[in-house]
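Heads up: the sequence shown begins at 1 in the UniProt record's numbering, then just goes up one per residue.
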Amino acid sequence: MANDAHAIWVPKTDEHERAFREAQESCVLLRPSPRRFVLFPIQHHQIWEHYKLLEHSFWTAEDFDVDLAAFSCLTDAARTRICSLVDAHLYAAQQLRLSGIVDAFAGELQAAEARCYFGFQGMIENIHIEALSSTVLRLQPLCLNVPPRVVVNSVEPLLEACTSPEHSFTRRLLVYAATLYYYRSCTLAASRSLELELPSLAALFARLARDLDRCCDFANLLCRMIVPSQIFGSPWLIQLLYNTAAACARTFPNLSVQSDIHYNLAEAFCISLSNGVLSPHSRSTDGTPAFSPPLTPQPQKESEGTFVFVTDVDF
Numbered sequence: 001m002a003n004d005a006h007a008i009w010v011p012k013t014d015e016h017e018r019a020f021r022e023a024q025e026s027c028v029l030l031r032p033s034p035r036r037f038v039l040f041p042i043q044h045h046q047i048w049e050h051y052k053l054l055e056h057s058f059w060t061a062e063d064f065d066v067d068l069a070a071f072s073c074l075t076d077a078a079r080t081r082i083c084s085l086v087d088a089h090l091y092a093a094q095q096l097r098l099s100g101i102v103d104a105f106a107g108e109l110q111a112a113e114a115r116c117y118f119g120f121q122g123m124i125e126n127i128h129i130e131a132l133s134s135t136v137l138r139l140q141p142l143c144l145n146v147p148p149r150v151v152v153n154s155v156e157p158l159l160e161a162c163t164s165p166e167h168s169f170t171r172r173l174l175v176y177a178a179t180l181y182y183y184r185s186c187t188l189a190a191s192r193s194l195e196l197e198l199p200s201l202a203a204l205f206a207r208l209a210r211d212l213d214r215c216c217d218f219a220n221l222l223c224r225m226i227v228p229s230q231i232f233g234s235p236w237l238i239q240l241l242y243n244t245a246a247a248c249a250r251t252f253p254n255l256s257v258q259s260d261i262h263y264n265l266a267e268a269f270c271i272s273l274s275n276g277v278l279s280p281h282s283r284s285t286d287g288t289p290a291f292s293p294p295l296t297p298q299p300q301k302e303s304e305g306t307f308v309f310v311t312d313v314d315f
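Printed below as a string of structure tokens:
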């Protein structure tokens, strides 16, 4: 298992680990405090604002009802594909929640506001699992052939990178933020892909993506409060985040309807950290999240005419 983990993650260097641990010693969020169980008066107002935003977005699994009549009118292939997609998201949600990653971070953070946030995030993740589980149970009887869940790669290397005490808290936080970022992007892509086929299920995925967007915002905030600023935008950080996103794609191969969804995530996340933007996704004028462009354009091809394709957006 250790060999698999080292094959995925960028080997840690003494230089970065030393910088991370020095930053942790001076970070008020990680310094031992007798106020770790005292909430009021509020000390960290930014963190508390994120908690209140998440609290106001509370919902239950009973708030969404999949249109089974519309689902039964789809082709057998479409029903099987949709059911497999929901099951893939259920598997990812279960692994990320039941692994105790959030609980581990909450135990290390000394700020009561952050502990409140992670506690509420854990409850939201439980609701996600409940909603996806009930959806799978309702859809599967309407599918003629439901393929069994296939686990291509073990999830242990991914979880180990987020929880192993061998790594600094800062490093584990970056890996977790990139993992959460990838999962949120896949959820948004699933919602968009289902808008025409099954709007009721698309609405559920949109709600999941909205919650995950808030969680990404909070992880981004913690990164900017804890990670040394000289790391932002560095090739080392871009490589670490890219490898994390690529590992997520290998661990959860059926999670996304877009095979190349992880290509620009690491660089876009670095842009958000450097610019101080809370959300790792850029937002359009109407406030809807959108994918950020890569930091370094991916060359494509030159046409025989006068048009030159520089990035994927140009297509």
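Built from N, CA and C at the ideal position, the CB exists for glycine as well.
Inset, instruction - Return the chain-ordered list of same chain residues with a C-beta closer than 8 Å to the C-beta of Asp103, the five sequence neighbours on each side being excluded. - result: Phe118, Gly122
Legend entry - Stretch-stretch touch, CB-based, cutoff 8 Å, three pairs: the region 104-113 with the region 161-176: yes
Legend entry - Cα-Cα separation, Val136 to Leu222: 34 Å
Legend entry - Val66, DSSP secondary structure in three states: coil
Legend entry - Coil, strand or helix - Val227 by DSSP: coil
Inset, instruction - Report all residues from its chain with a CB closer than 6 Å to the CB of Asp67; omit the five preceding and five following residues, and keep chain order. - result: Ser200
Inset, instruction - State buried or exposed for Asn145, treating a residue as buried only when at least 16 other CB atoms are found within 10 Å of its CB. - result: exposed
Inset, instruction - Go through its chain and collect everything with a Cβ distance to Ala206's Cβ below 6 Å, but skip five positions before and after it. - result: Ser191
Legend entry - Other residues of its chain near Cys215: CB distance less than 7 Å, five sequence neighbours each side excluded: Gln121, Leu180
Legend entry - Proximity winner among Leu240, Ala177, Asp87, Tyr51, relative to Ala131 (alpha-carbon distances): Asp87
Legend entry - Whole-angstrom distance between Thr75 and Cys83, CA atom to CA atom: 12 Å
Legend entry - Backbone CA spacing between His167 and Glu160 [nearest angstrom]: 9 Å
Inset, instruction - Please classify Glu55: is it buried, with 16 or more other beta-carbons within 10 angstroms of its beta-carbon, or exposed? - result: exposed
Inset, instruction - Let me know if residue 404 comes out buried or exposed under the rule of 16 or more other beta-carbons within 10 Å of its beta-carbon. - result: Outside the displayed range of the chain (1 to 315) lies residue 404, so it cannot be described from this structure.
Legend entry - Per-residue DSSP class, three states only, for Leu142: helix
Legend entry - Rounded C-alpha distance that separates Leu139 from Thr60: 19 Å
Inset, instruction - Hey, could you find the ends of the alpha helix (DSSP H) Glu55 is sitting in? - result: 45-56
Legend entry - For Gly276, three-class secondary structure by DSSP: Residue confidence for Gly276 is low, a pLDDT of 48 falling below 50, so the modelled location carries little weight; the figure read from the coordinates is stated next. The answer is coil: DSSP assigns Gly276 none of H, G, I, E or B.
Inset, instruction - Look at the alpha carbon of Leu78 and the alpha carbon of Tyr51, and state the distance between them as a whole number of angstroms. - result: According to the sequence provided, residue 78 is Ala. The question's Leu does not apply to it. Roughly 38 Å between the two C-alpha positions.
Legend entry - Cβ neighbour criterion (16 or more within 10 Å) applied to Ile42: exposed
Inset, instruction - Could you give the DSSP three-state label for Cys215: helix, strand or coil? - result: helix
Inset, instruction - Using beta-carbon positions only, say whether Ala178 and Leu96 come within less than 8 Å of one another. - result: no
Inset, instruction - Give every residue of the same chain whose Cβ lies closer than 6 Å to the Cβ of Trp48, excluding the five residues on either side of it in the sequence, and list them in chain order. - result: Ile42, Glu113
Legend entry - Extent of the continuous alpha helix (DSSP H) run through Ser193: 169-193
Inset, instruction - Identify whether Glu130 lies in helix, strand or coil by the three-state DSSP scheme. - result: helix
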